[in-house]
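Here the sequence shown stands for residues 3 to 80, numbered as in my numbering.
Glycine included, every Cβ here is placed at the ideal spot set by N, Cα and C.
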Amino acid sequence: MGKERIIVICPGRGTYTRETSGYLANFGAPAKNQIAFMDEQRKVAGLPALSELDSSPFKVKTHLAGEHASPLIYACSL
Numbered sequence: 003m004g005k006e007r008i009i010v011i012c013p014g015r016g017t018y019t020r021e022t023s024g025y026l027a028n029f030g031a032p033a034k035n036q037i038a039f040m041d042e043q044r045k046v047a048g049l050p051a052l053s054e055l056d057s058s059p060f061k062v063k064t065h066l067a068g069e070h071a072s073p074l075i076y077a078c079s080l
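So, in structure tokens, the structure goes:
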């Protein structure tokens, strides 16, 4: 049996910045159900909804905190 080859693609983490603020409101329509689900899960956990964060004025201390930045980046990639 010959060796199999595989490829693993690991894209960079990306960033959520002042320039990408508002991305979900402008481009998130195709993933609106997934974003709504994440919003509900975050509310249950006592965290602000991603759509609320995305539509609020950008603040480094808030938007770049790990508990907010990572989910925002993920939601923008949907």
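DSSP places residue 71 in the uninterrupted alpha helix (DSSP H) bounded by 68 to 79. Residue 29: member of the alpha helix (DSSP H) spanning 25 to 29, first to last residue. By the neighbour-count criterion, in which 16 or more other beta carbons inside 10 Å mark a residue as buried, residue 47 falls on the exposed side. The C-beta separation of residue 77 from residue 26 comes to about 6 Å, placing the pair in contact by the 8 Å criterion. In this structure, DSSP gives residue 3 a state outside helix and strand, which the three-state scheme calls coil. Going by beta carbons, residue 38 and residue 45 fall outside the 7 Å limit.
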